[in-house]
Amino acid sequence: MLKFAAERFVGISAHLAHVAATSVHDEARAGDALTPDDREYILKDLEFIREQCAGLPLEKVVLHVNRVVRIVKGEDCSYQQVAEYHRSLVERFTDEFSSVYCLALSADESSLYTNPAPFGAEIIGRLPEAAADIDESTKCLAVGRYTACVYHAMRVMEIGLNAVCVELGVPIYLPSWDAKLKKVDTALEGLAQQQGTLPRKRWGFFREVNVNWRSVQTAWRNQTMHIEKTYTQERAKEIHDAVKGFMRHLVGGLKARRKRKS
1 MLKFAAERFV GISAHLAHVA ATSVHDEARA GDALTPDDRE YILKDLEFIR
51 EQCAGLPLEK VVLHVNRVVR IVKGEDCSYQ QVAEYHRSLV ERFTDEFSSV
101 YCLALSADES SLYTNPAPFG AEIIGRLPEA AADIDESTKC LAVGRYTACV
151 YHAMRVMEIG LNAVCVELGV PIYLPSWDAK LKKVDTALEG LAQQQGTLPR
201 KRWGFFREVN VNWRSVQTAW RNQTMHIEKT YTQERAKEIH DAVKGFMRHL
251 VGGLKARRKR KS
């Protein structure tokens, strides 16, 4: 999928219009050769159009622009020829775009789609394995794929759950959230019985996030991973933002990871 700003098309349209305006003369002068100034103006317009087409599915348009440039550079190129080639260039644009489907994002949607760290740089720094699903969840929200947005948000939550499992010595390769959460419960109960093993503040932190995961599992995760549930824009945004807030809280309570020795 290609990504580009709509302003490129505005610029192309403006320069096409300028070429048309420059080529308009009365019938008596239509066959006259271009003046040096007009030739320079038209060549600048064509070069701009060619640059703006680069990277877009407009290869045939670029080939046609190149052909027009060669003709305009000729000393005997007339205003009538430029007018004819301008019409053919517009037709080429129309033909090319007849098979292209474009989606437009609002300013807010574009901001979401292009944000390199939508949940914050700290989360990516602490849990880099969550970066892909954070990015996908946010992009899906921007382009209107709301159930997919929630799906990826649940994957982000599971990555956070795995991080807590690692800190508590719970295996992460268990078949389900439920199995992991039960192991976390067991680990916390064991630590609660061992005075001084885990400070009360951190024990409370783990207990809190574990309760939150249970709520997410029941309300969102189980339904999202099956076919029973789809999400509206409003609900998907609520869940996306809730996961964002939860993950920020989570990484604030996790211990810094030790760097592996190289």
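Under the working numbering, the residue at position 221 of the sequence shown is numbered 221, and the numbers go up by one with no gaps. We put the CB at the ideal spot given by N, CA and C, even for glycine. What you are looking at is a predicted structure, and each value in this text was computed from that prediction instead of being measured.
Could you give the distance in angstroms between the alpha-carbon of residue i and the alpha-carbon of residue j?
i      : j      : result
Leu250 : Glu208 : 10 Å
His86  : Leu103 : 27 Å
Arg310 : Leu141 : Missing from the structure shown is residue 310; the chain here goes from 1 to 262 and no further.
Phe205 : Gln52  : 53 Å
Pro128 : Val62  : 41 Å
Ile239 : Trp177 : 18 Å
Val170 : Ser137 : 27 Å
Glu59  : Arg92  : 10 Å
Ile159 : Pro118 : 16 Å
Val183 : Asp135 : According to the sequence provided, residue 183 is Lys. The question's Val does not apply to it. C-alpha separation (whole angstroms): 29 Å.
His38  : Val90  : It is Asp, not His, that sits at residue 38 in the sequence shown. Their backbone Cα atoms lie some 20 Å apart in a straight line.
Glu96  : Pro57  : 8 Å
Ala130 : Glu189 : 28 Å
Lys44  : Val143 : 36 Å
Glu47  : Ser111 : 30 Å
Arg260 : Gly55  : A caution first: Arg260 carries a pLDDT of 44, below 50, which makes its placement in the model unreliable, though a value can still be read off. For Arg260 and Gly55, the distance between alpha carbons rounds to 41 Å.
Leu168 : Lys237 : 31 Å
Ala121 : Ala21  : 50 Å
Glu84  : His18  : 14 Å
Glu109 : Ala6   : 14 Å
Val69  : Tyr101 : 29 Å
Ile71  : His15  : 18 Å
Leu191 : Val166 : 15 Å
Ser262 : Phe4   : Because the pLDDT at Ser262 is just 41, under 50, the model does not fix this residue reliably, and the point stays unresolved.
Ala187 : Asn212 : 17 Å
Gln233 : Tyr173 : 33 Å
Gly11  : Asp241 : 36 Å
Lys229 : Gly252 : 31 Å
Ala179 : Ser98  : 53 Å
Arg67  : Ala107 : 37 Å
Just tell me which of the options has its CA closest to the CA of residue i.
i      : options                        : result
Val243 : Phe205, Glu189, Val166, Leu161 : Leu161
Thr35  : Asp76, Val211, Glu59           : Asp76
Ala163 : Gly190, Asn210, Ser137         : Asn210
Ala153 : Ser106, Cys165, Gly245         : Gly245
Val216 : Asp185, Leu181, Gln233         : Leu181
Glu40  : Ala187, Gly120, Arg126, Lys73  : Lys73
Leu105 : Arg214, Ser99, Asp32, Arg145   : Arg145
Arg214 : Asp185, Leu191, Ile71          : Asp185
Phe9   : Ala33, Gln80, Lys139, Thr94    : Thr94
Pro116 : Ser98, Ser99, Lys139, Tyr173   : Lys139
Gln80  : Gly11, Pro175, Arg67, Asp32    : Asp32
So residue i and residue j are in contact, right, with Cβ under 8 Å, and what is the actual spacing, rounded?
i      : j      : result
Thr263 : Tyr231 : The first residue shown for the chain is 1 and the last is 262, placing residue 263 beyond what the model contains.
Asp133 : Val156 : 5 Å
Ile42  : Val65  : Contact flag wrong, Cβ pair sits at about 11 Å.
Ala30  : Ser78  : 7 Å
Ile123 : Arg248 : 6 Å
Ser23  : Val82  : 4 Å
Arg126 : Leu254 : 6 Å
Kindly identify the DSSP beta-bridge partner or partners of residue i.
i     : result
Ser78 : Ala33
Problem set entry | Continuous alpha helix (DSSP H) assignments of at least 4 residues falling wholly in the stretch 33-69 | With a minimum length of 4 residues, the continuous alpha helix (DSSP H) runs that stay inside the stretch 33-69 are 36-53.
Exercise. What alpha helix (DSSP H) runs, 4 residues minimum, are completely inside the stretch 124-156?
Worked result: Note on the stretch 124-156: whole alpha helix (DSSP H) runs with a minimum of 4 residues are 131-142, in chain order.
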